[in-house]
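Before any comments, here is the structure.
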Amino acid sequence: MMRTSDRDSTLTPTECVHALRSVPTGRLLYTEDALPAVRLVTFAAPRSEIIIATDNESWFDRLDRTFVAFEAGHVEAGTRAGWSVVVLGHARTATGSEYPSGFDRSGISPWTIRPSDGYLVLDIEYVTGRRLTLPRLAGDQR
């Protein structure tokens with residue numbers, strides 16, 4: 187039987203950011219009415235920030251200047267091997283005219299940025315990640 191330590195390992199901060207850049211969606215974790223809440227979002231991680239496209243939904247304004255968490259990951263269905271990264275940091279709202287620091291006019295943005303576009307920018311203050319292999323229990327055909 188494989189021990190957890192044989193199939194799991196810690197990712198370096200650089201590996202965490204590289205992994206984040208490989209997927210288009212993640213989960214924003216925040217507090218709502220004193221309870222934990224999660225929202226699936228589209229994001230990019232160009233530098234030391236997570237940039238979430240808000241589609242100008244005013245809902246995201248409530249997270250301006252709050253401390254939030256963000257998680258993204260990927261697991262291959264056949265092998266159940268993958269990774270998970272968690273980011274903690276303060277969020278702030280921004281618009282396309284502010285060009286979040288990781289994006290520039292040279293085209294590295296995954297989206298077209300217009301001056302009126304709204305974003306939630308999460309400064310990566312703490313990042314941790316793991317390679318993992320999820321167990322397949324006897325009889326599990328998923």
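The sequence shown stops at residue 328 when you use the working numbering, and every number in between is there. Backbone N, C-alpha and C define an ideal beta-carbon position, used for all residues, glycine too.
With respect to L215, F256 sits close: the two C-beta atoms are nearer than 8 Å. If you ignore the 5 residues before and after P199, its C-beta comes within less than 6 Å of the C-beta of V313, all in its own chain and listed in chain order.
The Cβ neighbour count for A230, taken over all protein chains shown within 10 Å, is at least 16; the residue is labelled buried. Contact between W269 and G315 holds, since their C-beta atoms are separated by about 6 Å, short of 8 Å. At least 8 Å separates the beta-carbon of G275 from that of P301. Here V307 is not near E262, since their CB atoms are 8 Å or more apart. If you check the CB distance, R251 and R278 come in under 8 Å. Fully contained in the region 191 to 248 are the following beta strand (DSSP E) runs of length 3 or more, in chain order: 195 to 197, 211 to 218, 221 to 230 and 235 to 239.
Beta-bridge analysis with DSSP links S270 to G259 and R316. Of P321, D194, V272 and L221, the smallest CA-CA separation from A258 is found for V272. The beta carbon of D303 lies closer than 6 Å to those of G282 in the same chain, with the five residues before and after it left out. The three-state reading of DSSP puts G282 in helix, counting H, G and I together.
T240 is a Cβ neighbour of Y305, given a cutoff of 8 Å. For D250, no pairing in a beta bridge is given by DSSP.
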